[in-house]
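This report refers to the structure that appears directly beneath it.
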Amino acid sequence: KEKDNQPDLIALGRAAGRHFDASAAISAGQIVVLGRTDGPLPFTMEVEGDPTGGSGVVFYQAVVALDRLYVMDWPNGTPRRLTNMDVGEYEPAWSPDGESVAYTTWSNADGGHIYRARIAGGNPQRVTTQSAGYANPVYSPDGKRIVAVRSPARNFREQTGGGSTDLVWVPATGGAATL
193 KEKDNQPDLI ALGRAAGRHF DASAAISAGQ IVVLGRTDGP LPFTMEVEGD
243 PTGGSGVVFY QAVVALDRLY VMDWPNGTPR RLTNMDVGEY EPAWSPDGES
293 VAYTTWSNAD GGHIYRARIA GGNPQRVTTQ SAGYANPVYS PDGKRIVAVR
343 SPARNFREQT GGGSTDLVWV PATGGAATL
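Just add 192 to the spot in the sequence shown (first one is 1) and you have the numbering used here.
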């Protein structure tokens, strides 16, 4: 239930085709653990507000087979999938102008990348050239670069440590990562 201008998590989940009860309230930028009513697996949802002060929010649900990005106008919009990709989509980050979202992906077959998708729609653009485990993407203040943590894809595939973890940046329009 919406309270103190916080998202109605149950309504968000139902609109995205998921039924659950919220175990905690959230506000934009916080993560909440929710308990599913239609199965035993808990999942998380992260909500990010439009940095320009607009009414848009982007969110993702993380649980087995549900790792997808959604966008909606807050508070009365209808959630819609941001992409039609068939890989895990995680950690959305708004561009400073509020026009697009950068996010990380993962699949065991292809590894991970950083993508950028326009909020208005269209095909997402892969901005990284090297498969790896990417985390915590964030745009530079001018929107020209995306900074992220990169580690070997093997660490994610095999759940092992080791290898170097780097802070890298890539052009927001795509290209090679720079340490």
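For every residue, glycine included, the Cβ atom is placed at its ideal position computed from N, Cα and C. Because the structure is a prediction, the values reported are computed rather than measured.
Taking the Cβ atom as the reference point for each residue, do residue i and residue j lie within a distance shorter than 8 Å?
| i | j | result |
| --- | --- | --- |
| V339 | T357 | no |
| I311 | T296 | no |
| V293 | A309 | yes |
| Y262 | L274 | yes |
| K336 | P316 | no |
| S343 | G367 | no |
| P284 | E350 | no |
| D334 | W286 | no |
What's the call for residue i, buried or exposed, on a 16-neighbour Cβ count within 10 Å?
| i | result |
| --- | --- |
| G280 | buried |
| R260 | buried |
| D230 | Residue placement at D230 is poorly supported in this model, since its pLDDT is 46, which falls under 50; the coordinates still yield a value, given next. Classification of D230: exposed, given that the 10 Å Cβ count is below 16. |
| T320 | buried |
Who are the Cβ neighbours of residue i in its own chain at under 6 Å, not counting the five residues just before and after it?
| i | result |
| --- | --- |
| T244 | G290 |
| W361 | R337, V339 and T370 |
| T365 | none |
| W298 | G280 and G304 |
| R318 | H305 and Y307 |
Within its chain, find whatever has a CB closer than 7 Å to the CB of residue i; leave out the 5 residues flanking it on each side and keep chain order.
| i | result |
| --- | --- |
| A345 | G303, G304, S323, A324 and G325 |
| N328 | E283, A340 and V341 |
Short of 8 Å in beta carbon distance, which residues of its chain neighbour residue i, apart from the five on each side in sequence? Order them along the chain.
| i | result |
| --- | --- |
| R272 | Y262, V263 and M264 |
Worksheet item: In the segment 302-356, which residue ranges form an unbroken beta strand (DSSP E) of at least 3 residues, counting only runs that do not cross its ends?
Response: 303-310, 325-331 and 337-343
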